[in-house]
Amino acid sequence: MTKLSGAQILIECWKKEGVEVVFGYPGAATVEIHHHLEESPIRFVLCRHEQAAVHAADGYARSSGRPGVVLVTSGPGATNTITGLAGANMDSVPVVVFSGQVARMLIGNDAFQEVDIVGMTRPATKHNYLVLSTEELAQTVKEAFYVAVSGRPGSVLVDLPKDVIGGETEFVYPKKVDLRAYRPHLTPHPLQVRKAAKLLQTAARPVVLAGGGVTSSGASEELVRLAETLEIPVTTTLMGLGGFPGSHRLCLGMPGMHGLYRANMALQNADLILAVGARFDDRVTGALPGFATHAAIVHIDVDTTSIHKILDVDIPLVADARQALMALSSYIGAVPSFDRAAREAWLGRIAAWNDHAPLSYAQEPGGPLLPQFVIEALYRKTSGKAVICTEVGQHQMWAAQFYPCELPRQFISSGGLGVMGFGLPAAIGAQVARPSATVVDVAGDGSILMNVQELATVFQESLPVKVAVLNNGSLGMVRQWQDLFYGKRYAATILTDSPDFVKLAEAFGIPGFSASTPEDAEDIIGQALAHPGPALMEFKVSPTELVFPMVPAGKAIDEMILARPAETAADPGPEPGGPCPGTQVQETGPGLPADHGDADDDTDDLEDA
Numbered sequence: 012m013t014k015l016s017g018a019q020i021l022i023e024c025w026k027k028e029g030v031e032v033v034f035g036y037p038g039a040a041t042v043e044i045h046h047h048l049e050e051s052p053i054r055f056v057l058c059r060h061e062q063a064a065v066h067a068a069d070g071y072a073r074s075s076g077r078p079g080v081v082l083v084t085s086g087p088g089a090t091n092t093i094t095g096l097a098g099a100n101m102d103s104v105p106v107v108v109f110s111g112q113v114a115r116m117l118i119g120n121d122a123f124q125e126v127d128i129v130g131m132t133r134p135a136t137k138h139n140y141l142v143l144s145t146e147e148l149a150q151t152v153k154e155a156f157y158v159a160v161s162g163r164p165g166s167v168l169v170d171l172p173k174d175v176i177g178g179e180t181e182f183v184y185p186k187k188v189d190l191r192a193y194r195p196h197l198t199p200h201p202l203q204v205r206k207a208a209k210l211l212q213t214a215a216r217p218v219v220l221a222g223g224g225v226t227s228s229g230a231s232e233e234l235v236r237l238a239e240t241l242e243i244p245v246t247t248t249l250m251g252l253g254g255f256p257g258s259h260r261l262c263l264g265m266p267g268m269h270g271l272y273r274a275n276m277a278l279q280n281a282d283l284i285l286a287v288g289a290r291f292d293d294r295v296t297g298a299l300p301g302f303a304t305h306a307a308i309v310h311i312d313v314d315t316t317s318i319h320k321i322l323d324v325d326i327p328l329v330a331d332a333r334q335a336l337m338a339l340s341s342y343i344g345a346v347p348s349f350d351r352a353a354r355e356a357w358l359g360r361i362a363a364w365n366d367h368a369p370l371s372y373a374q375e376p377g378g379p380l381l382p383q384f385v386i387e388a389l390y391r392k393t394s395g396k397a398v399i400c401t402e403v404g405q406h407q408m409w410a411a412q413f414y415p416c417e418l419p420r421q422f423i424s425s426g427g428l429g430v431m432g433f434g435l436p437a438a439i440g441a442q443v444a445r446p447s448a449t450v451v452d453v454a455g456d457g458s459i460l461m462n463v464q465e466l467a468t469v470f471q472e473s474l475p476v477k478v479a480v481l482n483n484g485s486l487g488m489v490r491q492w493q494d495l496f497y498g499k500r501y502a503a504t505i506l507t508d509s510p511d512f513v514k515l516a517e518a519f520g521i522p523g524f525s526a527s528t529p530e531d532a533e534d535i536i537g538q539a540l541a542h543p544g545p546a547l548m549e550f551k552v553s554p555t556e557l558v559f560p561m562v563p564a565g566k567a568i569d570e571m572i573l574a575r576p577a578e579t580a581a582d583p584g585p586e587p588g589g590p591c592p593g594t595q596v597q598e599t600g601p602g603l604p605a606d607h608g609d610a611d612d613d614t615d616d617l618e619d620a
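Converting from the sequence shown to this note's numbering requires adding 11 to each position, the first position being numbered 1.
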């Protein structure tokens, strides 16, 4: 049998895994891989920074459902991937990074561009490997892809010494992987299914909390079927947006720190929460002692360690989300038995909360351009069908609130790690995965500069990515906290020297458009979307607009600030010092039914059932 070099074996492994595209940046430690990669059918996307390459692979994975693959060199090439690896792992995204390394004999000698990237990335990845021989390379690659995509998906790093890449051996690719210490449990236990189904049928005020696990397991249709069968309202986390249709009559929108009033109030007053592929992140729960104190909790998650980690739950269901939901629907049947009058009353109560505090803003015809208007204009102009990628900040929350997504893999954002600079490279990956889709990166004037060099990648690859920069002249989310809680001392958050974004885009060969009025905003969105290639839109929005609702730190999620405190509303500019303004914290609206009622008694009934 003909022997192949390690570089050739790596590429053959990628082909066996169905890899079509690799993102990355070359270097001396990987030059031989690139030499052979040129002869293969695999596309290499040359990013302009290794961190951006991992974010691009992350966006590719989220958009396509296939693992994203990255190739970088040793030393700084490898260390630059850590943020991307950590972000993908926290958001359960399958990304496999292959990093070059110095030859084995030099490891530990402080050789040029040598770092212990395996040690550095242990806490940032699901798993990682240092390949110690050419003979074990194929087996390691097979394991790396299996670990990345199975169970709770995550990021994996494979470190490749230069002499392993240059060595030769016979290529034999394993047919399967059998890791005794790692065997994800996908099938739900029948007894737990029966218990959960009984609670779902007897609950008076149930709510589904749907997370990113719904999307990664392909469980969206099963979730819709179960929700419609039992008439259960559904709230979706930031990672879960699109996993349940945003326009569905049972959709409550996003809960948590900047969640919708109705979503937060529903969770707080539920007598049963069915959490599906959600890990009870602190941005969702708020202060844990005050979270859903009257609810029994059923938690479906494929990751055993995620159950009981944050909250004690009543019924754990360790399983793939899709298989668990299918099992629940099968047990409940097409014509379930539940109290329809109680369910109607519950949905009516939620509607009253929405009437009291709906998502709203007031765009004055002659007033400053509001960011919420821009997001809604994007929604209208794209018919709600764009793939939305975001950076991190106020614009991220406005996009989550005002661009309802109908389909899984339509909303791509850095949730757990909250990485500024994520959106543009993620949009590159999403566009590569879905060439015919309209992909829009919603960015802020601060976050876009974190990886703005990737406009060169957009241009080089002829990707029709549209970038929408909401320019409010500040690091908006931090400024919002300073506005509300730190006496308006705008320390290090005012961006007075931002570049001319139109000229910046043009410097990269990309047309740029700018707007500061609602009419102009509508116009440039139309122009950018009509342009067949990439385009950048700058929207000069009001610097004083804040994201509401907002749950202050240390508060329960029903203790929401619904609007800017009256005493600060008229003051638009920075003002150092002064007392911290008060906040309008409101749990319930006038005329609404009592919020907690006899919830304790209902929960007891559930437990007895």
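Yeah, the Cβ is synthetic: ideal placement off N, Cα and C, and Gly gets one too.
Measure the Cβ-Cβ separation of residue i and residue j and say whether it is below 8 Å.
{"i": "N9", "j": "H60", "result": "Outside the shown range of the chain, which is 12 to 620, sits residue 9, and nothing can be said about it."}
{"i": "V313", "j": "D331", "result": "yes"}
{"i": "L506", "j": "L486", "result": "yes"}
{"i": "L547", "j": "I521", "result": "yes"}
{"i": "K137", "j": "V188", "result": "no"}
{"i": "C400", "j": "A444", "result": "no"}
{"i": "Y390", "j": "F413", "result": "yes"}
{"i": "D170", "j": "L141", "result": "yes"}
{"i": "V83", "j": "G111", "result": "yes"}
{"i": "P78", "j": "G254", "result": "no"}
{"i": "V489", "j": "A438", "result": "no"}
{"i": "P185", "j": "A155", "result": "no"}
{"i": "V287", "j": "A368", "result": "no"}
{"i": "A72", "j": "C58", "result": "no"}
{"i": "A306", "j": "A215", "result": "no"}
{"i": "N322", "j": "F291", "result": "As written in the sequence, residue 322 is Leu, which differs from the Asn given in the question. The answer is yes: Cβ separation under 8 Å."}
{"i": "P217", "j": "I243", "result": "yes"}
{"i": "L644", "j": "S340", "result": "In the structure as shown, the chain begins at 12 and stops at 620. Residue 644 is therefore absent and cannot be evaluated."}
Apart from the five residues just before and just after residue i, which ones in its own chain have a Cβ nearer than 8 Å to its Cβ?
{"i": "A581", "result": "At A581, the pLDDT of 39 sits below 50, so the modelled position is not reliable; the number obtained from the coordinates is stated separately. There are no such residues."}
{"i": "L143", "result": "R115, P172, V175"}
{"i": "G29", "result": "R77"}
With residue i and residue j assumed to form a contact (beta carbons below 8 Å), what rounded beta-carbon distance in angstroms separates them?
{"i": "E402", "j": "A454", "result": "5 Å"}
{"i": "G427", "j": "D102", "result": "5 Å"}
{"i": "G257", "j": "P415", "result": "3 Å"}
{"i": "V469", "j": "P545", "result": "5 Å"}
{"i": "S166", "j": "V106", "result": "5 Å"}
{"i": "G434", "j": "D452", "result": "4 Å"}
{"i": "T132", "j": "N139", "result": "5 Å"}
{"i": "H269", "j": "M408", "result": "4 Å"}
Which value, in whole angstroms, describes the spacing of the CA atoms of residue i and residue j?
{"i": "G224", "j": "P347", "result": "25 Å"}
{"i": "E465", "j": "Y372", "result": "33 Å"}
{"i": "A479", "j": "P172", "result": "41 Å"}
{"i": "K14", "j": "E50", "result": "17 Å"}
{"i": "T264", "j": "E517", "result": "Reading off the sequence shown, one finds Gly at residue 264, where the question assumed Thr. Answer to the nearest angstrom: the Cα atoms are 37 Å apart."}
{"i": "G589", "j": "Q491", "result": "Interpretation of G589 is limited by its pLDDT of 32, a score under 50 that renders its predicted location unreliable; no figure is taken from the coordinates."}
{"i": "V80", "j": "Q279", "result": "41 Å"}
{"i": "D508", "j": "E556", "result": "20 Å"}
{"i": "T248", "j": "P563", "result": "18 Å"}
{"i": "I284", "j": "L48", "result": "50 Å"}
{"i": "S473", "j": "L168", "result": "29 Å"}
{"i": "E586", "j": "S458", "result": "Per-residue confidence for E586 stands at a pLDDT of 34, beneath the threshold of 50, marking its modelled position as unreliable; the derived number appears in the next sentence. Going from the Cα of E586 to the Cα of S458 covers about 24 Å."}
{"i": "Q538", "j": "P436", "result": "23 Å"}
{"i": "G11", "j": "D511", "result": "Coverage of the chain is limited to positions 12 through 620, which leaves residue 11 absent and any answer about it impossible."}
{"i": "A303", "j": "T41", "result": "52 Å"}
{"i": "P576", "j": "E570", "result": "14 Å"}
{"i": "V235", "j": "C24", "result": "38 Å"}
{"i": "K26", "j": "I53", "result": "8 Å"}
{"i": "F349", "j": "F55", "result": "55 Å"}
Leaving out five residues before and five after residue i in sequence, what residues of the same chain have Cβ atoms less than 6 Å from its Cβ?
{"i": "T393", "result": "T449"}
{"i": "P327", "result": "H310, I318"}
{"i": "G35", "result": "A64, V81, L82, V83"}
{"i": "A567", "result": "G297, A298, G301"}
{"i": "V552", "result": "L380, P382, L481, N483"}
{"i": "D613", "result": "In this predicted model, D613 has a pLDDT of only 37, less than 50, meaning its place in the structure is not dependable; the value taken from the coordinates is given anyway. Result list for D613: A215, D282, in chain order."}
{"i": "I535", "result": "F524, A526, M548"}
If you drop the 5 nearest sequence neighbours on each side, which residues of the same chain put their C-beta closer than 7 Å to that of residue i?
{"i": "M12", "result": "E181"}
{"i": "T198", "result": "A330, Q334"}
{"i": "G177", "result": "S16, G17, E43"}
{"i": "A274", "result": "T246, L263, G264, M265, P266"}
Counting Cβ pairs closer than 8 Å, one from the region 351–364 and one from the region 377–392, do we hit at least three? no
Any contact between the region 183–198 and the region 126–136? By contact I mean 3 or more CB pairs, one from each, below 8 Å. No, the region 183–198 is not in contact with the region 126–136.
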